[in-house]
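In the working numbering, each number is its position in the sequence shown, counted from 1, plus 96.
Beneath this line is the structure, given in structure tokens, with notes to follow.
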Amino acid sequence: MSKRTLAILAAIGATVIYGINHTVAKGVMPGHVKPFGFIFLRVVGAALLFWLISFFGPKEKIEKRDWGRILVCALLGMSINMLSFFKGLQLSTPINSAVLVTIIPIIVVVISALFLSEKITLNKGLGIFMGFVGAVGLILFGAEVRQDAPNIPLGNFLFIINATSYGAYLVVVKKLIEKYHPFTLMKWLFTIGIIINLPLTLPDVFEIQWSTMPLWAYGSVAFVVIGTTFLTYLFNIFALTQLKASSVGAFVYMQPLVGILFALLSGKDELTLVKVAAMTFVLVGVYLASKKPKQGS
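This is how it looks when you write it as structure tokens:
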């Protein structure tokens, strides 16, 4: 099996885990673990696992000039991205998060145009506009009355912050991936992530009642730490060694399908006309924004 095929399978695996995570993580919050407490468990757990497996990788020293980029990557990918997503998930619904996360490829296109001078074609421009309309529509008209979703518009807005920071992370981290082994990169990114997140996340950790937490909640926490954090970041960083940032970002198209199916099958969410309309706008927008232009055009 070629490295490119493995990279594609890794990207698909990460997307499936992310899709399931929308419902799994929501089920534990905030009753057993508060959102920011979850982030502490995620970054500490992933840092430990990456340091452990780094012994099986090459011994590399980070060059002084790269620490600034590493700090930015940790801020975008291990702090802003995670904090906004989990807080958004507490306030909104699994289906909304699965829909809004699909604007990541659009964000990648915009950031690549701004910082990497990639051209925005008519198709891409129309796609960005449609994705924006779908996302804004879900924020403005997607409000529902749900006990487990106390502030859906704010939660949806935080999902957009999450998608923007993760899209930026995919673009910024690409140069580091070309230079360092994934194990080296991840162990330092998550270690820095612990320091950045500590002041916001530690108070929520102290509130976790481990002794009264049911077994299924422990399973959900393990899934989020090992699956949604360690494995997905490992899979995506490997995928980026063989694929472009925009190509890895495009695999997020699968998330609504996986996320919505899992949420519906587990009875944790339901489809509405607004959600379907918003998802249609976002997915068509993402398709147009990521579509390769014809040669010579």
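Every residue gets a Cβ at the ideal spot worked out from N, C-alpha and C, and that includes glycine.
* Chain-order list of residues whose beta-carbon lies under 6 Å from that of Val124 (same chain, five-residue window excluded) -> Ala313, Ser316
* To do: For the alpha helix (DSSP H) holding Asp300, just list the boundary residues, first then last.
  => 278-302
* Classification of Lys271 by the beta-carbon crowding that lies within 10 angstroms, buried from 16 upward -> exposed
* To do: Report yes if the CB atom of Phe358 is closer than 8 Å to the CB atom of Thr119, and no otherwise.
  => yes
* How about Phe134 and Ala121: do their beta carbons lie closer than 8 Å? -> yes
* **Selection from Ser98, Pro126, Leu196 that minimises the alpha carbon distance to Ala373** => Leu196
* Pull up the DSSP beta-bridge partners for Ala209, would you. => Paired residue(s): none; Ala209 is not in a bridge.
* **Contacts around Lys183, its chain only, beta-carbon distance under 8 Å, and the 5 residues preceding and following it disregarded** => Pro131, Phe132, Gly251, Leu254
* **Extent of the continuous alpha helix (DSSP H) to which Ala245 belongs** => Run containing Ala245: none; DSSP gives neither H nor E here.
* To do: Using the Cα positions of Val139 and Pro126, report the straight-line distance between them to the nearest angstrom.
  => 18 Å
* Evaluate Val264 with the Cβ neighbour count: other Cβ atoms within 10 Å of its Cβ, from every protein chain shown; 16 or more gives buried, anything less gives exposed. => The question names Val, but residue 264 in the sequence shown is Ala. Buried.
* **Gly115, DSSP secondary structure in three states** => helix
* Answer yes if the stretch 140-158 comes into contact with the stretch 274-286, meaning at least three C-beta pairs across the two stretches below 8 Å, and no otherwise. => yes
* Straight-line gap, Ile199 to Thr325 (C-alpha atoms, nearest Å) -> 20 Å
* To do: Just tell me which of Leu298, Ile113, Glu274, Ile116 has its CA closest to the CA of Asp162.
  => Glu274
* Ordered along the chain, which non-local residues of its own chain (more than five positions away) have a Cβ less than 8 Å from that of Ser64? -> An answer regarding residue 64 cannot be provided, because it is not within the stretch 97 to 393 covered by the chain.
* To the nearest angstrom, report how far apart Ala143 and Ala245 are at their CA atoms. => 31 Å
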